[in-house]
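Asker: Residue numbers (UniProt numbering): 1 to 389.
Glycine included, every Cβ here is placed at the ideal spot set by N, Cα and C.
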Amino acid sequence: MYLQTTLNQSNAYFSFQAKSVYQLRPYHRLMTIQRSQSEALLSFDRPVSLSDHKGLALLVIAPELSAYDNYLYFLLQGSIQIKPHVLFNTLALTDHCQVYLEPTQNEEPQIITSPKRIKAQLPSRALQLKQIYASYYQAYASGEVIPRGQQDFYELVIVDQGQVQIHPVGAQPVTLQSSMAWLTPPGNRPKFSFKQDGLTTLVSILFAAEGIPNSLCLRPFKLGYRQLQLIERFIQLSRQSPAKPYGYDEVMAILDILLIQCINGAQQAGRALPQTSMRDNYEDETFQAIIDFLETHILEVHEVQELVDQFDLSRSSLQALFNKYTGKSPKSYINQLRLRKAKQYIHESQLTLSQIAEKLGYGSIQYFSRAFRREFNQSPSQYAKSIIK
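1) Express the C-alpha separation of F16 and S10 in angstroms, rounding to a whole number.
2) Give me the residue from F88, Y333, P190, S314 with the minimum Cα distance to G149.
3) Mapping DSSP to helix, strand and coil, what is T201?
4) Are the beta-carbon atoms belonging to D152 and V203 less than 8 Å from one another?
5) For a test of the three-state rule: what should DSSP assign to residue 392, helix, strand or coil?
6) Under three-state DSSP, which class holds R117?
7) By Cβ distance below 8 Å, which residues in the same chain neighbour E283 in space, the five residues on each side in sequence not counted?
8) I believe L228 touches S193 by the beta-carbon criterion, under 8 Å. Please report the beta-carbon distance rounded to the nearest angstrom.
9) From the DSSP output, in three-state form, read off Y13 for me.
10) Span of the beta strand (DSSP E) holding S79?
11) Any idea if S277 is buried or exposed, counting beta-carbon neighbours within 10 angstroms, 16 or more meaning buried?
12) Would you kindly work out how many angstroms separate the C-alpha atoms of L177 and V157, rounded to a whole number?
13) Sorted by chain position, which residues of the same chain lie with C-beta nearer than 6 Å to Q110's C-beta, five sequence neighbours on each side aside?
14) Here's the rule: buried if 16 or more other CB atoms are within 10 angstroms of the residue's CB, otherwise exposed. What is P63?
15) Here's a check: name, in chain order, each residue in its chain whose Cβ is nearer than 6 Å to the Cβ of residue 426, leaving out the five neighbours to either side.
16) With DSSP run on the structure shown, which of helix, strand or coil describes H53?
17) Residues in the same chain with beta-carbon distance under 8 Å from A171, minus the five sequence neighbours each way, listed in chain order, please.
18) Quick one: grab the DSSP three-state call for Y362.
19) How should A134 be labelled, buried or exposed, when 16 other C-beta atoms within 10 angstroms of its C-beta is the threshold for buried?
20) Quick check on the burial criterion: 16 or more other C-beta atoms within 10 angstroms. Buried or exposed for V145?
21) Just list the residues that DSSP pairs E155 with in beta bridges.
22) Can you name, in chain order, every residue of its own chain whose Cβ lies under 7 Å from the Cβ of S381, other than the five neighbours on each side?
23) Specify, as a first and last residue, the run of the beta strand (DSSP E) that R29 falls within.
24) Expressed to the nearest angstrom, what Euclidean distance is found between the alpha-carbon atoms of Y154 and I260?
25) Have a look at R239 and E250 and give me their C-alpha separation to the nearest angstrom.
26) Judging by CA-CA distance, which residue of L56, I231, K83, F88 is the nearest neighbour of N70?
27) Classify T175 as helix, strand or coil using the three-state DSSP reduction.
28) State the Cα-Cα distance for the pair E348 and Q163, rounded to the nearest angstrom.
29) Pick out whichever of L351, D197, L41, Q138 has its Cα sitting closest to the Cα of P115.
Structure follows, in structure tokens:
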């Protein structure tokens with residue numbers, strides 16, 4: 001992917017010209033560019049105009065012939081005038097590529113050989129997400145053991161609430177807590193067990209893909225706030241009608257982004273990461289402390305002012321932190337945590353919906369139901385009926 005264009009740009013090598021092909025002088029030549037690589041560089045003793053016509057062409061500028069690594073690459077857009085004695089060539093980025101070359105007084109170029117072949121190279125995708133077979137949200141009770149058969153697909157498991165112990169074949173068990181994930185590759189069959197009192201809820205996504213590195217597989221990894229937001233959106237879309245226009249496309253795109261972010265995070269593990277400022281470190285630690293406090297005291301904390309008092313922050317500073325890390329206001333995030341807690345209570349089936357609403361600080365069952373529907377696109381009663389017991 002090229003990041004520079006000739007459009008509205010002037011530099012030491014060319015200047016942009018605001019003119020159309022109808023203003024070309026008699027010496028213009030319509031050139032069909034078929035090659036995406038070449039060893040030749042052109043040079044004119046006088047200014048020469050170059051204009052795009054069809055397709056996409058790449059303009060290559062050689063500031064110094066021998067300094068191949070310093071060659072400059074521009075997407076040719078509009079019309080430019082290349083200055084005398086500048087070494088350049090055009091390569092095809094797309095099929096059916098044509099440009100207008102307009103020398104001064106029909107001058108012929110000098111042709112100079114580049115020390116290396118110049119190429120128009122577009123990146124290819126490393127990760128290929130092929131298909132999502134299934135996704136489901138399920139609850140497991142303490143003491144359950146789930147043996148797994150050998151599978152020929154990837155399975156991404158995210159812990160929503162509680163904890164799960166995963167037993168990879170030939171390796172020590174690994175415990176995953178809330179907001180952690182595990183990716184099982186094809187050909188593996190780890191066993192899952194649940195020992196913590198209360199329910200554990202998991203999100204499972206079964207899919208086919210190519211290009212996932214081994215560094216992401218068969219190891220626990222922590223999901224950040226942005227990844228958890230992607231998971232929430234994935235679940236929300238998965239529950240909607242498959243007939244929704246581009247709904248599956250968005251689900252695929254979300255999983256694609258999630259996997260790429262997790263891969264990049266796994267590859268950075270063990271590397272020296274860029275040093276962050278003291279302010280960034282302070283904000284990271286402060287926000288993590290706020291989240292830990294909320295998750296522990298979500299039944300007691302219902303108002304933003306309680307966080308302001310607890311952490312001695314101004315409302316504007318608190319708002320800025322939540323915007324930076326979650327893209328939500330503090331009030332919206334608190335409500336989201338309360339509703340996630342409501343899902344856990346519904347799974348446990350020990351309280352009525354009215355009791356859950358009261359326990360979480362909602363003024364009425366009607367207010368609770370409206371908030372639940374806005375967040376999860378279904379009412380609490382519909383969600384309760386959808387749970388696989």
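Answerer: So, from the data block:
1) 6 Å
2) Per the Cα distances, P190.
3) strand
4) In this structure, V203 does not lie closer than 8 Å to D152 by Cβ.
5) As shown, the chain starts at 1 and ends at 389. That puts residue 392 outside it, with no answer to give.
6) strand
7) L321, K324
8) Not quite, the Cβ-Cβ distance comes to about 24 Å (not below 8 Å), so this is no contact.
9) In the structure shown, Y13 falls within a coil segment according to DSSP collapsed to helix, strand and coil.
10) It spans 79-82 - the beta strand (DSSP E) in which S79 sits, taken as one unbroken run.
11) Here the model assigns S277 a pLDDT of 49, short of 50, so the residue's position is not dependable and the matter cannot be decided.
12) Looking at the sequence provided, one finds Gln at residue 177 rather than Leu. Cα to Cα, Q177 sits roughly 12 Å from V157.
13) Around Q110: S43.
14) Under this definition P63 is an exposed residue.
15) The requested residue 426 is not part of the displayed model; the chain covers only 1 to 389.
16) strand
17) Within the same chain, L218 come within 8 Å of A171 by CB-CB distance, once the 5 residues on both sides are set aside.
18) coil
19) exposed
20) exposed
21) Its beta-bridge partners are T184, L206.
22) If we look at S381 and ignore the five residues flanking it on each side, its Cβ neighbours are L353.
23) 29-33
24) If you draw a straight line from the Cα of Y154 to the Cα of I260, it comes to about 15 Å.
25) 13 Å
26) F88
27) strand
28) 15 Å
29) Checking every option, the nearest Cα to that of P115 belongs to L41.
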